[in-house]
Amino acid sequence: MQPFLVEVVGEDVPRTQEVRLSSIPRVVTRGVVFIHSTSNALCPHIAWAMESVLGQRVGLEWVRQPLSARMLRTEFAWEGEAGTGGLLASALRGWDNLRYEVTEEPSPGNDGSRWSHTPSLGIHHAWTSVSGDAVINEDRLRAAISESHGDPAALSRELDRLLGAAWDDELEPFRRAAEGDNVRWLHMVG
C-alpha cells in the first residue's frame, strides 16, 4: 500500500509525516443477518453474496421456516468495518420471496442501523440506538410534524412510515417463529 504525506499541525513546528492506510485504525462493529424466509434454491446465492461482502466464508445453518411451506431461515452474526451492514443489505436485495433483516450495532462515530426487507414492501432503513430502538433524526421529525399540518392521524401515519411499522408488522410473525413461539394466523377475523 502506497504511503501518503500529511501535515501535522498544532505543534510549535509544523512537520510532514508519512502515513500508510494500514496504520489508520478502522472502526470495527458487529451485527446480525436474519434471513427470515427464502427458498432452498436461493440459499447458496445468499451465502455467496454475504461472502463477497465479508471477504470470508460464511457457514450458514438453514432450518425450516414453520410459517412458510418449503421456506428456510437462518441467522449469521458478523464483524466488520462500520458500514458493512449496509453493504450486506444491498447485496441481498432483488431476490423474490426473500424476507430479511440486517443489523449493525453503533460504533464510535457511527449510529447503529437496521435494514428490513420484505417481498411486498421492499427495503426500509432505520437508525438504531444502543438498545436497538429505531431513532428518527431531528430533521426527519421536524419534516413529519410540518407535513402533518397539525393533523394527529397524518403525523401518526408518517411516524409509522419512518419507524418502519409496516415492515415490523409483516416480519414479526417470522421473528416469533424463529424464537420458537407459537404463532397463529387469524384468517377469519372481523
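Using the working numbering, read the sequence shown as starting at 20 and increasing by one per residue.
We put the CB at the ideal spot given by N, CA and C, even for glycine.
Quantities reported herein were computed from a predicted structural model and do not represent experimental measurements.
Quick one: using the 10 Å Cβ neighbour count with 16 as the cut-off for buried, is Q75 buried or exposed? exposed
Would you report the Cα separation of E120 and R133, rounded to the nearest angstrom? 7 Å
Could you name the residues of the same chain whose beta carbon sits closer than 8 Å to that of E80, not counting the 5 residues immediately before and after it, in chain order? T93
By alpha-carbon positions, which one of R194, A197, S175 ends up nearest to A163? S175
Looking only at its chain, what residues have a beta carbon closer than 6 Å to the beta carbon of A145, apart from the 5 residues adjacent to it on each side? R133, A153, G183
Tell me the DSSP secondary structure of A110 in three-state form. helix
Quick check: the stretch 98-109 against the stretch 82-89, are there 3 or more CB pairs under 8 Å? no
Under 8 Å, with one C-beta from each stretch per pair, do the stretch 165-179 and the stretch 123-141 reach the 3-pair mark? no
My output table needs one value for N129: the three-state DSSP class, helix, strand or coil. strand
Run of the beta strand (DSSP E) containing S148, from where it starts to where it stops: Looking at the DSSP string, S148 is not in any beta strand (DSSP E), and its letter there is neither H nor E.
State buried or exposed for W97, treating a residue as buried only when at least 16 other CB atoms are found within 10 Å of its CB. buried
Separation of G131 from G78, as counted between CA atoms: 25 Å
Report the residue ranges of all alpha helix (DSSP H) runs contained in full by the stretch 35-88; include only those spanning at least 4 residues, in chain order. 62-73
Distance check for R180 and D170, CA to CA, integer angstroms please. 16 Å
Whole-angstrom distance between T122 and G151, CA atom to CA atom: 9 Å
Please report the distance separating the alpha-carbon of E177 from that of I142. 17 Å
Within a Cβ cutoff of 7 Å, which residues of the same chain sit near E124, ignoring the five residues on either side of it in sequence? T48, R49, G50, G131
From which residue to which residue does the alpha helix (DSSP H) around A96 run? No alpha helix (DSSP H) holds A96; the beta strand (DSSP E) holding it covers 90-100.
Identify which residue in A172, S148, I65 has its Cα closest to the Cα of N129. S148
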